[in-house]
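A.B. asks: This structure is in structure tokens; I'll ask about it shortly.
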Amino acid sequence: MRDMDKIDQVSAFTFSVRMVSSIQVVSRVIELFALRDDPLHALTLSTDGRGQILTITVPSLTPARADVVAWKMRNIVGVEAVAVAADDTNYTGTVRDQQVLDVP
18 MRDMDKIDQV SAFTFSVRMV SSIQVVSRVI ELFALRDDPL HALTLSTDGR GQILTITVPS
78 LTPARADVVA WKMRNIVGVE AVAVAADDTN YTGTVRDQQV LDVP
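Using the numbering used here, the first residue of the sequence shown is number 18, and each one after it goes up by one.
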């Protein structure tokens with residue numbers, strides 16, 4: 018596959034977002050998908066002693082769009098870290114600026 022083909026390849030992406038415990042921060046993160054009417058496949062919110070972890074799976078994003086969403090998430094006040102993973106095992110590209118979360 019050519020590198021240019023990877024740019025337009027649509028895959029499912031999972032975003033894991035560590036944030037302070039605040040429903041306002043949760044709504045700002047979800048709003049990033051609502052503004053473009055992106056369908057969500059799964060959404061979970063868990064709480065630990067350090068804050069909250071929001072995990073969102075979106076079934077059809079391009080790597081470029083996933084990059085933009087992750088960048089915007091990291092710029093929301095109250096978001097501490099964002100990890101992004103392509104769920105499609107055929108996806109061979111990378112999403113820049115991945116951060117590893119210690120998600121239990």
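All C-beta atoms, glycine included, are put in the ideal place defined by N, C-alpha and C. Here the structure is a predicted model, which is why all the values come from computation and not from measurement.
1. Could you pull the start and end residues of the beta strand (DSSP E) that Q69 belongs to?
2. Measuring CB to CB, does T31 end up less than 8 Å from A81?
3. Take G95 and list the residues in its own chain whose beta-carbon comes closer than 7 Å to its own, dropping the five residues that flank it on each side.
4. So, helix, strand or coil for V112, using DSSP?
5. Give the DSSP-derived three-state secondary structure of S39 in the structure shown.
6. Within a Cβ cutoff of 8 Å, which residues of the same chain sit near R19, ignoring the five residues on either side of it in sequence?
7. Thinking just about the alpha-carbon of each residue, which of T61, S77, A59 and V99 is nearest to the one in A87?
8. Classify L78: buried if its beta carbon has 16 or more other beta carbons within 10 angstroms, exposed otherwise.
C.D. replies: With the given structure in hand:
1. Here residue 69 is taken as the residue at index 52 of the sequence shown, counted from 1. Segment G68 to L78, the beta strand (DSSP E) holding Q69.
2. Working through the sequence shown from its first residue, we reach residue 31 at position 14. Working through the sequence shown from its first residue, we reach residue 81 at position 64. No, these two residues do not count as a Cβ contact at 8 Å.
3. Walking along the sequence shown from the start, residue 95 turns up at place 78. Once the five neighbours on either side are set aside, the close Cβ partners of G95 are M36, V37, S39 and V42.
4. Walking along the sequence shown from the start, residue 112 turns up at place 95. In this predicted model, V112 has a pLDDT of only 47, less than 50, meaning its place in the structure is not dependable; the value taken from the coordinates is given anyway. Coil, per DSSP.
5. For this step, residue 39 is matched to residue 22 along the sequence shown. Of the three classes helix, strand and coil, the one that applies to S39 here is coil, per DSSP.
6. Here residue 19 refers to the residue found at position 2 of the sequence shown. Confidence at R19 is low in this model, with a pLDDT of 47, below 50, so its placement is unreliable and the value that follows should be read with caution. If we look at R19 and ignore the five residues flanking it on each side, it has no Cβ neighbours.
7. Taking the sequence shown and counting its residues from 1, the one referred to as residue 87 is at position 70. For A87, the closest C-alpha among the options T61, S77, A59 and V99 is that of V99.
8. On the sequence shown, residue 78 is found 61 positions in, with the first residue counted as 1. By the neighbour-count rule (16 or more Cβ atoms within 10 Å), L78 is buried.
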